[in-house]
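Participant:
Residue numbers (UniProt numbering): 1 to 609.
1. Residue 554: buried (16+ other C-beta within 10 angstroms of its C-beta) or exposed?
2. Just the C-alpha distance for residue 599 and residue 317, rounded to the nearest angstrom, thanks.
3. Looking only at its own chain, which residues have a Cβ that is under 7 Å from the Cβ of residue 592, when we skip the five neighbours before and after it?
4. What is the C-beta distance between residue 65 and residue 359, in whole angstroms, given that I count them as a contact (C-beta under 8 Å)?
5. Might you give, ordered along the chain, the residues of its own chain that have their beta carbon closer than 6 Å to the beta carbon of residue 291, omitting 5 neighbours on each side?
6. Assuming residue 325 and residue 361 make a contact with CB atoms under 8 Å, what is their CB distance in whole Å?
7. Taking residue 245 as the reference, which of 410, 219 and 166 has the closest Cα?
8. Measure the Cβ-Cβ separation of residue 477 and residue 604 and say whether it is below 9 Å.
9. Just to check my reading of the structure: residue 534 and residue 572 have Cβ atoms closer than 8 Å, yes? What is that Cβ distance to the nearest angstrom?
10. Can you look up residue 349 in the DSSP assignment and give me helix, strand or coil?
11. Could you tell me whether the Cβ atoms of residue 78 and residue 137 are closer together than 9 Å?
12. Does the beta-carbon of residue 439 have 16 or more other beta-carbons within 10 angstroms, so that it is buried, or is it exposed?
13. Express the C-alpha separation of residue 197 and residue 411 in angstroms, rounding to a whole number.
14. Name the two residues that bound the continuous alpha helix (DSSP H) containing residue 406.
15. Cβ of residue 211 within 8 Å of any heavy atom in the ligand MN?
16. Find out if the Cβ-Cβ distance for the pair residue 406, residue 351 is shorter than 9 Å.
17. Please report the straight-line C-alpha distance between residue 611 and residue 333, rounded to a whole angstrom.
18. How is residue 586 classed by DSSP in three states: helix, strand or coil?
19. Quick check: the stretch 142-157 against the stretch 107-116, are at least 3 beta-carbon pairs closer than 8 Å?
20. What would DSSP say about residue 176, mapped onto helix, strand or coil?
21. Run through DSSP, which three-state label would residue 328 get?
22. Give the C-beta separation of residue 205 and residue 141 to the nearest angstrom, bearing in mind that I take them to be a contact with Cβ-Cβ under 8 Å.
23. Straight-line CA distance for residue 496 to residue 413?
24. Under 8 Å Cβ to Cβ from residue 400, same chain only, skipping five residues before and after it: list those, please.
25. Can you give the beta carbon distance from residue 451 to residue 482, rounded, assuming they're within the 8 Å contact cut?
26. With H, G and I counted as helix, E and B as strand and the rest as coil, what does DSSP make of residue 602?
27. Have a look at the DSSP bridge pairing and note the partners of residue 653.
28. Have a look at residue 615 and residue 548 and give me their C-alpha separation to the nearest angstrom.
29. Residues in its own chain within less than 6 Å of residue 528 by CB, not counting five upstream and five downstream?
30. Touch check for the stretch 117-136 and the stretch 169-188: three-plus C-beta pairs under 8 Å?
31. Between 574, 207 and 237, which has its C-alpha nearest residue 589's C-alpha?
32. Quick one, which of 86, 87, 61 and 95 has its alpha-carbon nearest residue 69's?
33. Can you tell which of 214, 280 and 523 has the C-alpha that lies nearest to the C-alpha of residue 596?
34. So which of 82, 60, 74 and 72 has the shortest CA-CA distance to residue 396?
35. Excluding the 5 residues flanking residue 237 on each side, which residues of the same chain have their C-beta closer than 6 Å to its C-beta?
36. Per DSSP, residue 230 is paired with what?
The following block contains the structure:
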């Protein structure tokens, strides 16, 4: 949506073989110990509309929305922050020529489709796209195609003269609906899609010329390297008209997400547009405000948990999610940066939970609804620098940026091991890849949580990261049975994933170290004469029994080195080579990369010799 046109108001030994993998058995209901296992998140997000258009592929699903950032600032941020953190996309503000003025919403009143604005020049935009791509970050452009300006006449940013329905070289009066009405009744489909929104000249998007002209604008952005569009005010464009526009565009490898605000009792709903790509699900942000703003969050895990099985939510494979955007942070519909810890917890939950494609809004602080960002005397936006002036840089804050790495690391792993205290705390796992505990209450929570994680030490990425010297924040130890005990402070969280351990060190730039070659230095406490380890790397084949022979390296300890490739863990059982097995009480051992020692049923990090 957009602003008004004018200023608005134990070890076990037996003679058996290794235990087989066991399916998770965590089921329950609202407020219970465990909610039913959530289905894996969809990463093959191809819409029905055309096989060319698609949703973000691979593990990098998160978008950083750098609202009102200049092109030069975005380029620097892609290189220095977004790429290393693992963001897959960055979303820009509208790039086309716009009206003059200080408010942020000037960018949402196009004068022409020249890529020239107070955020930078066409060349700077192209350089930004190239720099971001080099950093592994694709660019989504916010595009305004429902309307032009709300002014009777004027001159645009680059000098283009115009009147309300005449934009020489772009549109003439015949290219607008010109019904002399404004949108007032959202239960009237015709009015919503044919009349002027907030006085903004409504384009006749059913016209072949208008559809072609808009398509040329989108193709121009694609030629500049853009690989995604966030389409503004889509509720005010009929699904047929938008289909016609996009039919004119080669959307191969281009992500599309539409802004369609869900309203109760309205005839136009987000589902009408899901064949065109993703649609922003406003119910997500509204629901998280209801939960985290009041502190009682346990109900988010009711049934199968928040998402497509709940009323008012679009299907996962079509959902674009956010805690807030530039409109809702101003109108109070959702949480915003002003909500502090509650806001960051909601962001962490969004990035950890397998529903939709998450976008992290990052703009600037304000007290006036209309206020634009800091500007030069000539009206150009000043370059954003985190820590300076009023830029919030939410996307770069530890609690958020590290959760992007969490999302990349867990991939499409299903929700498991859910828990709540029937009040202000909840927890859930993402299979054997990650685990999140969130406490939104005023008091600390002390508990022992059951997870499906491999045993070992983990960095709590909500408070720090894995570095070359260990964890920069808290360290949590997961026992051989998958449990860990922790003290979670008020308005805080524990977030663990297999890509962030003291042994993992620095990642390769996507927050999950997916391509890093890993090794396991494995120590096993035993008095067997010829101990063996029988194991499976990742999801690969098991070794031939009895497995690999361990070599004594110090008194009471045998050792071997195992190459994990790009896998993070092995599944293993030990034996004496003649029929006696230690298979962790029929569960097998899950052992992560790095130096790990197994003794009396416990797996811990370190070298005992």
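The C-beta atom is built at its ideal place from N, Cα and C for all residues, glycine as well. Being a predicted model, the structure only gives us computed values, none of them experimental.
Facilitator: Per the coordinate set shown:
1. Exposed, since its Cβ has fewer than 16 Cβ neighbours within 10 Å.
2. Computed Cα separation, rounded: 44 Å.
3. If we look at residue 592 and ignore the five residues flanking it on each side, its Cβ neighbours are 454, 456, 498, 501, 568 and 569.
4. A Cβ-Cβ separation of about 5 Å places residue 65 in contact with residue 359 under the 8 Å criterion.
5. Only 297 and 300 meet the Cβ criterion.
6. Right, the Cβ-Cβ distance comes to about 5 Å (below 8 Å), so this counts as a contact.
7. It is 219.
8. At the C-beta level, residue 477 and residue 604 come within 9 Å of one another.
9. That belief holds up - the Cβ atoms of residue 534 and residue 572 are roughly 7 Å apart, short of 8 Å.
10. Here DSSP, grouped into helix, strand and coil, assigns residue 349 to helix.
11. The Cβ-Cβ distance between residue 78 and residue 137 falls below 9 Å.
12. Buried: at least 16 other Cβ atoms inside 10 Å.
13. For the pair residue 411 and residue 197, the Cα-to-Cα distance works out to about 40 Å.
14. Segment 398-410, the alpha helix (DSSP H) holding residue 406.
15. This structure lacks the ligand MN; in fact it carries no ligand of any kind.
16. Taking 9 Å as the Cβ cut-off, residue 406 and residue 351 qualify as a contacting pair.
17. No answer is possible for residue 611: the residues shown for the chain start at 1 and end at 609.
18. Residue state, collapsed to three classes: coil.
19. Judged by Cβ distances under 8 Å, the stretch 107-116 makes contact with the stretch 142-157, as three or more pairs qualify.
20. Assignment of residue 176 by DSSP, reduced to helix, strand and coil, places it in the strand class.
21. Helix.
22. Wrong, their Cβ atoms sit about 18 Å apart, outside the cutoff.
23. Computed Cα separation, rounded: 14 Å.
24. The residues are 344, 347, 348, 351, 360 and 394.
25. Sure, about 5 Å apart at Cβ, within 8 Å.
26. In the structure shown, residue 602 sits in a strand (DSSP, three-state: E or B).
27. Because residue 653 is not part of the residues shown, which for the chain are 1 to 609, the question remains open.
28. Coverage of the chain is limited to positions 1 through 609, which leaves residue 615 absent and any answer about it impossible.
29. Correct list, in chain order: 576.
30. Using a C-beta cut-off of 8 Å, the stretch 117-136 makes no contact with the stretch 169-188, since fewer than three inter-stretch Cβ pairs fall below that distance.
31. Looking at 574, 207 and 237, the one whose alpha-carbon comes closest to that of residue 589 is 574.
32. Nearest C-alpha to residue 69: 95.
33. Closest option to residue 596, Cα to Cα, is 523.
34. It is 82 whose Cα lies nearest to the Cα of residue 396.
35. Excluding positions up to five away in sequence, the list reads 146 and 205.
36. According to DSSP, residue 230 bridges with 142 and 257.
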